[in-house]
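*Asks:*
Number of protein chains: 2
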Amino acid sequence: MSTGHVLLGLLVERPKHGYELKKEHDHRLPGSRPLAYGQVYATLQRLERDGWAEVAETLQEGGPERTVYAITDEGKAELDGWLERLEPPAPHVASPLFARVVVATLAGGGADGYLLRQRAAHLARMRELTLRKADGTPAQVLAADYALQHLDADLRWIETAIARLADLKEEIDA
Amino acid sequence: MSTGHVLLGLLVERPKHGYELKKEHDHRLPGSRPLAYGQVYATLQRLERDGWAEVAETLQEGGPERTVYAITDEGKAELDGWLERLEPPAPHVASPLFARVVVATLAGGGADGYLLRQRAAHLARMRELTLRKADGTPAQVLAADYALQHLDADLRWIETAIARLADLKEEIDA
DNA sequence: ACACGATGTATTCATTGAATGAATAGTTCG
DNA sequence: CGAACTATTCATTCAATGAATACATCGTGT
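Sequences listed follow chains A and B, in order. Reminder that position 73 of the first sequence reads as 72 in numbering that gives the first Met the number 0, one-by-one numbering, no gaps. Reminder that position 57 of the second sequence reads as 56 in numbering that gives the first Met the number 0, one-by-one numbering, no gaps.
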């Protein structure tokens, strides 16, 4: 429940309500997919159910009702645990790129064309990100760097994949 | 529906039933998370609902019933489209690593320790994968290369993140 | 001065997809 | 007889989207 832990993290500062959490999440984690409101409130309910967050107060002072959530002691302990825990380093690599290459080869189409087009798209995206880095906040720069490093990793892999497509085809035909 | 497209790809060769598809998937896409049976059958139902696959025959020749699915013409067209489509190059980077660094900084703990431990874990995992590459099939080697490139990307990012933690903290405190 | 629409705040709901784990049931083989 | 393999189903949870609801504020034109 990665989203839940991030929300817990945002609650450490002070109690907040759903709308605020969504805004903060999108602001603090630029580059990550913006949270849908539905997901925020669903996640908050799970946090409450598990005792990691609780309703601090319900405000009705002009405007819609706002339900403010606070992190609990249990939630703080859980968050600490999450921060200590090492990210299991990619036990399973979910790679749409790899999947397509295998499927294209299986389906007989050949993956060369796809890989070449993908390489071009990656290069374009990297140029775009590099430009955007210039005027970003530190968080935006870090997020962009993360994306850039992984796009570069894809590019390197694409090169070796192109070179080894023949081997893959042989294995599949066998 | 990436899983669905992969299953479609496996059906191009010839009609297959769920159990066989699960085995083939896990075999053809080493390194990816093994499919749960439940997911295979649920996905097949969606493929059928969308007209991309259909029940070819139901066998009851000694042994449990087997429902064999075949790809339809519509499914072939969809698969071609999927293979043509470029992977939207990381519009949103879902990065547990980045998320933890931000949350650790927000929560006041500081992310240095976490990054150092994560670096060590990555290095260990890379050594392990490199060893396993030696005696792998071409598909396994490609999958391992994909993982290795991305672990290396993480490592590079970790270095720059360590160097820029102070900037991030400053942004958050402001 | 005030009706009106746009914008912003805050939450809920219905639905779908992804994923897990356990349960079921028959077959083969030692 | 029991263990292992083949094949499918079910119950449940989490993740995620998109639309709907509802109230408040604020600027604009008449």
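Cβ atoms here follow ideal geometry from the backbone N, Cα and C, with glycine treated the same way.
Between 44/B, 30/B, 1/B, which lies nearest to residue 16/B when the distance is taken from Cα to Cα?
*Replies:* In the second sequence, the residue the question calls residue 16/B occupies position 17. With distances taken between Cα atoms, residue 16/B lies closest to 44/B.
*Asks:* Counting contacts by CB-CB distance shorter than 7 angstroms, is residue 101/B in contact with chain A?
*Replies:* As a working note, residue 101/B is residue 102 in the second sequence. It does: the Cβ of residue 101/B has a partner Cβ on chain A nearer than 7 angstroms.
*Asks:* For residue 167/B, which residues in the same chain have their Cβ closer than 7 angstroms to its Cβ, ignoring the five residues on either side in sequence?
*Replies:* Working through the second sequence from its first residue, we reach residue 167/B at position 168. Cβ within range, chain order: 104.
*Asks:* Roughly how many angstroms lie between the CA atoms of residue 56/A and residue 3/A, to the nearest whole one?
*Replies:* Taking the first residue of the first sequence as 1, we reach residue 56/A at position 57. Taking the first residue of the first sequence as 1, we reach residue 3/A at position 4. Cα-Cα distance, rounded: 20 angstroms.
*Asks:* Where does residue 153/B land, buried or exposed, given buried means 16+ other C-beta within 10 angstroms?
*Replies:* As a first step, residue 153/B is located in the second sequence; it is residue number 154 there, counting from the start. Its Cβ being crowded by 16 or more others within 10 Å, residue 153/B is buried.
*Asks:* For chain B, is any of its Cβ atoms less than 7 angstroms away from the one on residue 13/A?
*Replies:* As a first step, residue 13/A must be located in the first sequence, where it is residue number 14. It does not; no Cβ of chain B falls within 7 angstroms.
*Asks:* Per DSSP, which residues does residue 67/A bridge with? Please list them.
*Replies:* In the first sequence, residue 67/A corresponds to position 68, counting from 1. Looking at the DSSP assignment, residue 67/A forms a beta bridge with 16/A, 56/A.
*Asks:* If you check the beta carbons only, do residue 10/B and residue 24/B fall under 7 angstroms apart?
*Replies:* Taking the first residue of the second sequence as position 1, residue 10/B is located at position 11. Taking the first residue of the second sequence as position 1, residue 24/B is located at position 25. No, Cβ-Cβ distance for residue 10/B and residue 24/B is not below 7 angstroms.
*Asks:* If you draw a straight line from the C-alpha of residue 150/B to the C-alpha of residue 98/A, how long is it?
*Replies:* As a working note, residue 150/B is residue 151 in the second sequence. As a working note, residue 98/A is residue 99 in the first sequence. Spanning the two alpha carbons is a distance of roughly 18 angstroms.
*Asks:* List the residues of chain A whose Cβ lies closer than 7 angstroms to the Cβ of residue 133/B, in chain order.
*Replies:* By one-based count along the second sequence, residue 133/B stands at place 134. Within chain A, no residue comes near residue 133/B; the closest Cβ sits about 15 angstroms away, beyond 7 angstroms.
*Asks:* Taking 7 angstroms as the threshold (beta carbon to beta carbon), is residue 137/B in contact with chain A?
*Replies:* Here residue 137/B refers to the residue found at position 138 when the second sequence is read from its first residue. Yes - at least one Cβ of chain A is within 7 angstroms of the one on residue 137/B.
*Asks:* Going along the chain, which unbroken runs of the alpha helix (DSSP H) with 4 or more residues stay wholly within the segment 88 to 155 of chain B?
*Replies:* 95 to 105, 111 to 132
*Asks:* Mapping DSSP to helix, strand and coil, what is residue 173/A?
*Replies:* Residue numbering aside, residue 173/A sits at position 174 when the first sequence is read from its first letter. Residue state, collapsed to three classes: coil.
*Asks:* Could you check whether the Cβ of residue 149/B sits closer than 7 angstroms to any Cβ belonging to chain A?
*Replies:* Indexing the second sequence from 1 puts residue 149/B at position 150. So, interface residue.
*Asks:* Applying a beta-carbon distance threshold of less than 8 angstroms, which residues of chain A neighbour residue 35/B?
*Replies:* In the second sequence, residue 35/B corresponds to position 36, counting from 1. Neighbours of residue 35/B on chain A: none; closest Cβ ~13 angstroms, over 8 angstroms.
*Asks:* How about residue 74/B: is its C-beta nearer than 7 angstroms to some C-beta of chain A?
*Replies:* In the second sequence, residue 74/B corresponds to position 75, counting from 1. With 7 angstroms as the cut-off, residue 74/B does not count as an interface residue toward chain A.
*Asks:* Give me the chain B residues within the contact set of residue 108/A, using Cβ-Cβ distance strictly less than 7 angstroms, ordered along the chain.
*Replies:* Counted from its first residue, the first sequence places residue 108/A at position 109. Going along chain B in sequence order, the residues near residue 108/A (Cβ under 7 angstroms) are 82.
*Asks:* Return the first residue and the last residue of the alpha helix (DSSP H) that residue 48/B is part of.
*Replies:* Residue numbering aside, residue 48/B sits at position 49 when the second sequence is read from its first letter. Here the alpha helix (DSSP H) through residue 48/B covers 36 to 48.
*Asks:* Distance cutoff 7 angstroms, beta carbons only. Does residue 170/A sit that close to anything in chain B?
*Replies:* For the purposes of this step, residue 170/A is taken as the residue at position 171 of the first sequence. So, interface residue.
*Asks:* Is the shortest distance between the beta-carbon of residue 8/A and the beta-carbons of chain B less than 7 angstroms?
*Replies:* As a working note, residue 8/A is residue 9 in the first sequence. So, interface residue.
*Asks:* Count the other CB atoms, across all protein chains shown, that sit within 10 Å of the CB of residue 39/B; report buried if there are 16 or more and exposed otherwise.
*Replies:* Taking the first residue of the second sequence as 1, we reach residue 39/B at position 40. It counts as buried.
*Asks:* Thinking C-alpha only, which one of 146/B, 31/B, 41/B is nearest residue 126/B?
*Replies:* The residue given as residue 126/B occupies position 127 in the second sequence. Comparing Cα-Cα distances from residue 126/B to each of 146/B, 31/B, 41/B, the minimum goes to 146/B.
*Asks:* Anything in chain A within Cβ reach of residue 141/B, meaning under 7 angstroms, just list it in chain order.
*Replies:* Position 142 of the second sequence, counted from the start, is the residue given in the question as residue 141/B. Residues of chain A passing the Cβ test: 97, 160, 163, 167.
*Asks:* Kindly indicate the opening and closing residues of the alpha helix (DSSP H) around residue 185/B.
*Replies:* The structure shown does not extend to residue 185/B, since chain B spans only 0 to 173, so no value can be given for it.
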